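Visitor: According to this note's numbering, the sequence shown holds residues 4 to 292 in order. C-beta: ideal position from N, C-alpha, C; glycine also. Since this is a predicted model, take the numbers as computed values, not measurements.
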Amino acid sequence: MNMCVMDAQRSSRLNRLLLSLPEGFLADSAWFQAQGISRSSIRDYVDRGWLERIGPRVYRRPSQLTKASLRWDVVVLSLQQVMHKPLHVGGRTAVELSGYAHYVEAGDTSRVYLYGSGLPSWLAKLPISAQFETRSSGLFANSNSGVEARRYDLRSGKASVSLKDAESTSPWEWSLTMSAPERAILEMIDELPHHESFHQVDVVMEGLANLRPQLVGKLLRECKSVKVKRLFLWYADRHGHAWFKHLDLSAVDLGKGKRQLVPQGHFDSRYQITLPIELFNTGGSNDGQ
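1. State buried or exposed for residue 113, treating a residue as buried only when at least 16 other CB atoms are found within 10 Å of its CB.
2. How big is the Cα-Cα spacing for residue 76 and residue 272?
3. Per DSSP, residue 55 is paired with what?
4. Quick one: Cα of residue 174 to Cα of residue 118, how far?
5. Using a Cβ cut-off of 8 Å (strictly closer), state whether residue 199 contacts chain C.
6. I need the straight-line Cα distance from residue 7 to residue 42, nearest angstrom please.
7. Do residue 186 and residue 93 have their C-beta atoms closer together than 8 Å?
8. Buried or exposed for residue 83, going by 16 or more other Cβ atoms inside 10 Å?
9. DSSP puts residue 118 in a beta bridge; with which residues?
10. Which residues bound the alpha helix (DSSP H) around residue 193?
11. Over what stretch of residues does the alpha helix (DSSP H) that includes residue 282 continue unbroken?
12. By Cβ distance below 7 Å, which residues in the same chain neighbour residue 140 in space, the five residues on each side in sequence not counted?
13. Sort out for me which residues DSSP pairs residue 150 with in a bridge.
14. Of the choices 115, 20, 67, whose alpha-carbon is the least far from that of residue 96?
Structure follows, in structure tokens:
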């Protein structure tokens with residue numbers, strides 16, 4: 004093969020790279036190799052300043068806008084939109100992005116909850132202030148139920164509240180795959196009692212006045228955790244939102260027997276769960292049961 008042909012092939016691969024990897028976004032060595040870019044070529048691109056190494060087997064295309072510290076949202080969008088990893092933002096993080104951040108305690112936004120299978124090990128080694136909390140999607144029988152794509156503005160760090168404008172050709176307004184509020188609160192409840200507080204979930208549930216009962220019912224039917232389902236219904240009953248009375252629970256499996264979630268707590272007879280006594284001292288429709 005003569006040098007002209009080799010140079011043409013190298014130029015073609017570089018052009019594909021520039022088209023597929025926007026400035027400021029990142030990809031791992033496995034993605035580069037899938038694009039036909041060898042390890043030696045990656046090293047060459049780093050030497051020439053076309054790529055920068057930001058972690059083990061992870062590289063970013065330099066940008067004037069990304070000379071500051073690495074952002075968690077750019078990492079997640081790179082995973083979803085560039086590397087096409089099957090993951091979504093969920094739990095507390097999705098609750099915040101859905102417009103309920105004012106219900107979440109300040110000072111704990113450094114944890115970013117990601118749900119999916121085969122999440123790369125290099126996530127934990129990135130030079131980033133956020134801490135990625137990785138979880139499987141096994142809480143639900145259908146891993147895609149209640150997962151939505153919403154346009155995400157990297158300039159403001161905010162997700163659109165509408166699903167109608169999710170598509171955008173600009174990387175700075177790409178769609179972010181994340182849990183809808185109906186799923187996010189169930190994922191958040193699943194973190195009890197070790198990684199979330201009962202009080203925090205209580206405050207968030209108080210603000211969820213506009214959940215879609217049809218989607219809530221679907222998620223409850225597909226949820227595999229009896230603990231999560233009973234707790235969700237207890238909180239929903241407690242706050243008496245309008246959507247609660249429209250839930251069809253006929254096909255929801257709530258299991259059998261009692262569930263003690265905390266030692267020496269208060270037993271709720273309706274949902275057969277033991278909860279912190281403090282929850283029953285702060286008001287609510289199911290106090291004293």
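Guide: Reading it off the structure:
1. To locate residue 113, count along the sequence shown from 1; it is residue 110. By the neighbour-count rule (16 or more Cβ atoms within 10 Å), residue 113 is not buried but exposed.
2. Mapped onto the sequence shown, residue 76 falls at position 73. Mapped onto the sequence shown, residue 272 falls at position 269. C-alpha separation (whole angstroms): 43 Å.
3. Along the sequence shown, one-based indexing puts residue 55 at 52. Paired residues: 63.
4. Here residue 174 refers to the residue found at position 171 when the sequence shown is read from its first residue. Here residue 118 refers to the residue found at position 115 when the sequence shown is read from its first residue. Near 22 Å, if we compare the C-alpha coordinates of residue 118 and residue 174.
5. Annotation note: the requested chain C is absent from the structure, which comprises a single protein chain.
6. Here residue 7 is taken as the residue at index 4 of the sequence shown, counted from 1. Here residue 42 is taken as the residue at index 39 of the sequence shown, counted from 1. For residue 7, the predicted structure reports a pLDDT of 48, less than 50, and the residue's modelled location is therefore unreliable. A value from the coordinates is still provided. C-alpha separation (whole angstroms): 21 Å.
7. Taking the first residue of the sequence shown as position 1, residue 186 is located at position 183. Taking the first residue of the sequence shown as position 1, residue 93 is located at position 90. Yes, they are a contact pair.
8. Counting from one through the sequence shown, the residue named residue 83 turns up at place 80. Residue 83 should be labelled buried.
9. Here residue 118 refers to the residue found at position 115 when the sequence shown is read from its first residue. Note: residue 118 sits in a beta bridge opposite 91, 138.
10. Reading the sequence shown from its first residue, position 190 is the one you call residue 193. Where residue 193 is concerned, the enclosing alpha helix (DSSP H) stretches over 184 to 193.
11. Numbered from 1 along the sequence shown, position 279 holds the residue referred to as residue 282. Segment: none, residue 282 is in no alpha helix (DSSP H) and carries neither H nor E.
12. For this step, residue 140 is matched to residue 137 along the sequence shown. Contacts found: 118, 119, 120, 146.
13. For the purposes of this step, residue 150 is identified with residue 147 of the sequence shown, where counting begins at 1. DSSP, once it has assigned bridges, lists 182 as partnering residue 150.
14. Taking the sequence shown and counting its residues from 1, one reaches residue 96 at position 93. The residue with the shortest Cα to Cα distance from residue 96 is 115.
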